[in-house]
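These notes concern the structure reproduced below.
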Amino acid sequence: MAIFAVICIGLNVQWGYTGIFNFGVVGFFMVGAYTAAIVTMPPADGKFSTYIGGFGPMLANVPLPGAANWLPYLVGTLAAAAVSAVLALLLAWPMMRLREDYLAIALIGAAEVLRRIATEEQWLVNGSRGLAGIPRPLAGLVDGDAYKFLFLALAIAMLALIYLLIDLGIRSPWGRVLRAVREDEAAAAAAGKNVNGFKLQGFVLGAAVMGAGGAFYAFQQGAISPETFSHFFGTFIFWAMLIAGGSGNMAGAIVGTYVIWGLWSVTLQLQGYDLPRFLADRVPHLRDTLVGLTIVAVLLANPRGLLPERVQVSRWLDRRVRSLRRAENEATSSAAD
360 MAIFAVICIG
370 LNVQWGYTGI
380 FNFGVVGFFM
390 VGAYTAAIVT
400 MPPADGKFST
410 YIGGFGPMLA
420 NVPLPGAANW
430 LPYLVGTLAA
440 AAVSAVLALL
450 LAWPMMRLRE
460 DYLAIALIGA
470 AEVLRRIATE
480 EQWLVNGSRG
490 LAGIPRPLAG
500 LVDGDAYKFL
510 FLALAIAMLA
520 LIYLLIDLGI
530 RSPWGRVLRA
540 VREDEAAAAA
550 AGKNVNGFKL
560 QGFVLGAAVM
570 GAGGAFYAFQ
580 QGAISPETFS
590 HFFGTFIFWA
600 MLIAGGSGNM
610 AGAIVGTYVI
620 WGLWSVTLQL
630 QGYDLPRFLA
640 DRVPHLRDTL
650 VGLTIVAVLL
660 ANPRGLLPER
670 VQVSRWLDRR
680 VRSLRRAENE
690 ATSSAAD
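Here it is, written out as structure tokens:
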């Protein structure tokens with residue numbers, strides 16, 4: 360779930376802080392996963408698989424301590440973030456001036472084009488057969504079930520690092536400008552801010568975070584294909600997480616991820632039981648229904664999510680407002696006496 364929390368944080372940067380309606384999350388998620396895979400895998404054999412890249416052995420042989428266990432995966436994750444960021448830059452440059460609804464439609468179309476390219480272009484990433492045998496970081500250090508805990512620790516470490524870095528950025532003057540652009544573009548422009556420039560920065564940063572999450576997803580699964588990255592799984596589910604948790608709040612994005620993915624995992628576990636056929640066939644529909652009902656329940660209870668955005672006020676302004684209120688109360692008391 361830490362991997363999905365990372366992707367949800369990327370969406371939170373785009374929508375929660377910048378106000379960009381990205382309905383093409385799956386495109387950046389997929390590009391990150393495929394980029395990490397082709398960077399860390401060995402070269403294609405040309406018979407049963409064809410794909411570009413295959414830099415894993417070269418990176419593993421770099422003369423650094425234990426390079427084979429960590430260097431290909433570090434390079435793969437950074438490459439995934441970089442390629443997703445470049446893709447976002449190329450897409451956003453002509454699209455950023457579109458109205459929100461048109462931008463969402465354009466990004467859906469762009470994500471679908473990327474999926475079709477991955478499916479049809481056999482030479483690029485092995486077409487519809489996908490990529491299998493993706494190596495895993497630090498796999499040579501432990502075996503069996505112990506590796507699951509090691510990978511979980513790696514994913515949580517990545518989540519914590521991204522959380523801290525994004526949180527620092529959002530609390531900075533740069534982050535305050537992002538929120539100003541989200542709230543009122545005209546007012547931000549009147550204050551001398553480059554609205555499209557800041558929107559572009561937020562969009563690219565969010566896409567880079569999604570790409571890094573996609574890289575770890577590829578490492579965890581060990582195999583990916585275009586069918587893995589459906590619009591429901593790769594876009595809608597992350598919007599559900601962010602809406603449930605609360606957009607504009609880093610902790611809310613993480614809480615929403617654990618709530619929605621927890622429901623998803625519970626229904627997946629039901630498929631492992633010996634259920635009557637008429638029930639077993641309905642488990643996937645039950646999963647979708649539970650996710651939808653959860654979103655409705657959260658929005659009815661609190662339209663801003665479980666952990667809504669906290670309004671941040673500078674300390675000086677907060678002290679000034681408190682002193683003015685104190686003075687007003689004292690004046691009112693004196694007048695009453």
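In our numbering, the protein residues as written are 360 to 696.
C-beta: ideal position from N, C-alpha, C; glycine also.
For residue i, which three-state DSSP category applies?
i: LEU564; result: helix
i: LEU483; result: helix
i: ILE654; result: helix
i: SER606; result: coil
i: LYS552; result: coil
i: THR377; result: coil
i: ASP647; result: helix
i: LEU629; result: helix
i: ALA447; result: helix
i: VAL536; result: helix
i: GLY664; result: coil
i: GLY405; result: coil
i: MET569; result: helix
i: ARG474; result: helix
i: ASP460; result: helix
Return the first residue and the last residue of the alpha helix (DSSP H) that residue i is part of.
i: VAL421; result: VAL421 -> no alpha helix (DSSP H), and no H or E assigned at all.
i: TYR506; result: 505-530
i: GLY391; result: 384-399
i: GLY369; result: 361-370
Going by C-alpha distance, which of the options is nearest residue i?
i: ALA439; options: ASP526, TYR461, GLY572, ALA426; result: GLY572
i: ALA574; options: ILE596, PHE380, TYR432; result: TYR432
i: GLN373; options: GLU689, PRO662, MET569; result: MET569
i: ALA361; options: THR399, ALA612, LEU483, ALA403; result: ALA612
i: ALA403; options: LEU490, ALA549, ALA582; result: LEU490
i: ILE493; options: PHE414, PRO667, LEU645; result: PHE414
i: LEU446; options: PHE387, TYR410, LEU559; result: PHE387
i: THR626; options: ARG663, PRO643, PHE363, VAL614; result: PRO643
i: VAL540; options: PHE562, LEU520, LEU527, GLY391; result: PHE562
i: LEU649; options: GLY621, LEU659, ARG663, GLU668; result: GLY621
Just grab the DSSP bridge partners of residue i for me.
i: TYR410; result: VAL484
i: ALA582; result: ALA491
Could you check if residue i is buried or exposed, using at least 16 other CB atoms within 10 Å of its CB as the buried criterion?
i: ALA477; result: buried
i: PHE507; result: One detail in the question is off: residue 507 reads as Lys in this sequence, not Phe. The residue in question, LYS507, is exposed, as its Cβ has fewer than 16 Cβ neighbours within 10 Å.
i: MET417; result: exposed
i: PRO635; result: exposed
i: LEU500; result: exposed
i: LEU473; result: buried
i: TRP533; result: exposed
i: LEU430; result: buried
i: ALA567; result: buried
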